[in-house]
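Each remark here refers to the structure printed beneath this line.
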Amino acid sequence: MTVQPKDQRTRPRKQPRQVRAQHTVNAIIEASARILEEQGHGGFTTNAVAELAGASIGTLYQYFPDKNALLGALIARETSRLVEEVEAASMVVTGRGALDGVIEAAVRHQVRRPRLARLLDFEEARLPLDADTQLVRARIVTILADILTRPDIPRQSDMPSATGDVLAIIRGMLDAAGERGEEGQAPLMIRVRRAVLGYLSMPDVAEN
């Protein structure tokens with residue numbers, strides 16, 4: 001899921017200012033998600049999205065100049081939702097509890113809409129991250145770094161590297177599970193937790 005800087009991603013033409021306009025934009029983004037899930041890239045056209053969203057093609061183009069802008073908005077939405085769940089999980093006092101919660105949130109996000117998650121993983125690698133999405137994803141790194149400094153987590157000699165490694169373990173295992181079409185939450189969570197705790201030299205209490 002790591003991407004290198006590329007040309008600027010196509011951004012929405014404008015932001016909705018009224019509640020009704022925001023509802024229209026939300027409907028367009030959700031329609032994009034549903035078409036990708038049900039038809040894949042082959043059925044993903046601006047006309048199909050507008051029709052499913054109940055909007056005119058002109059209305060769609062007021063906000064999204066092309067399909068890449070739609071994909072960017074969808075990636076931003078899903079990433080923001082993940083961050084909200086990760087932030088809630090991090091409120092647990094203990095590092096172990098917060099870490100378990102973050103892993104559970106990440107796995108749940110992957111398996112909630114698995115086909116969509118797989119397609120967006122591909123698009124994240126193809127498209128550049130815009131500034132807003134970069135900030136949101138940086139927030140995940142900050143949360144994880146805070147968790148790893150808590151007293152019940154073994155001290156790591158190189159905290160930035162440890163944070164990056166733990167994040168890479170979680171992302172890598174979720175991406176691999178997505179490529180296999182794995183949709184079971186509990187078995188995947190057990191494996192990811194085992195890998196993360198092993199890296200941190202922590203016992204997996206759930207298995208004892």
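By the UniProt record's numbering, the letter at position 122 of the sequence shown is numbered 122, and the numbering carries on one by one without gaps.
Built from N, CA and C at the ideal position, the CB exists for glycine as well.
The region 108-127 makes contact with the region 34-51; the number of CB pairs closer than 8 Å reaches 3 or more.
Shortest Cα-Cα distance from valine 93 to any of Tyr61, Thr59, Leu119 and Pro151 involves Pro151.
Rounded to the nearest whole angstrom, the C-alpha separation of proline 154 and valine 196 is 12 Å. Cβ-Cβ distances below 8 Å link arginine 81 to His109 in the same chain, with the five nearest sequence neighbours on each side left out; the list follows chain order.
Bounds of the alpha helix (DSSP H) holding alanine 138 are 131-148. By the beta-carbon neighbour count (other beta carbons within 10 angstroms, threshold 16), glycine 42 is exposed. Per DSSP, leucine 120 is one residue of the alpha helix (DSSP H) stretching across 114-126. Here DSSP, grouped into helix, strand and coil, assigns glutamine 156 to coil.
In chain order, Ala53 place their CB closer than 6 Å to the CB of alanine 27, counting only its own chain and leaving out the 5 sequence neighbours on each side. One Cα belongs to glycine 172, the other to leucine 148, and the distance between them is close to 19 Å.
Arginine 137 and arginine 20 have their C-alpha atoms some 29 Å from each other. When DSSP states are grouped into helix, strand and coil, threonine 46 belongs to the helix group.
Of the candidates Ser161, Thr45 and Leu135, the residue whose Cα lies closest to the Cα of aspartate 66 is Thr45. Under the DSSP assignment, leucine 36 falls in the alpha helix (DSSP H) whose first and last residues are 19-39.
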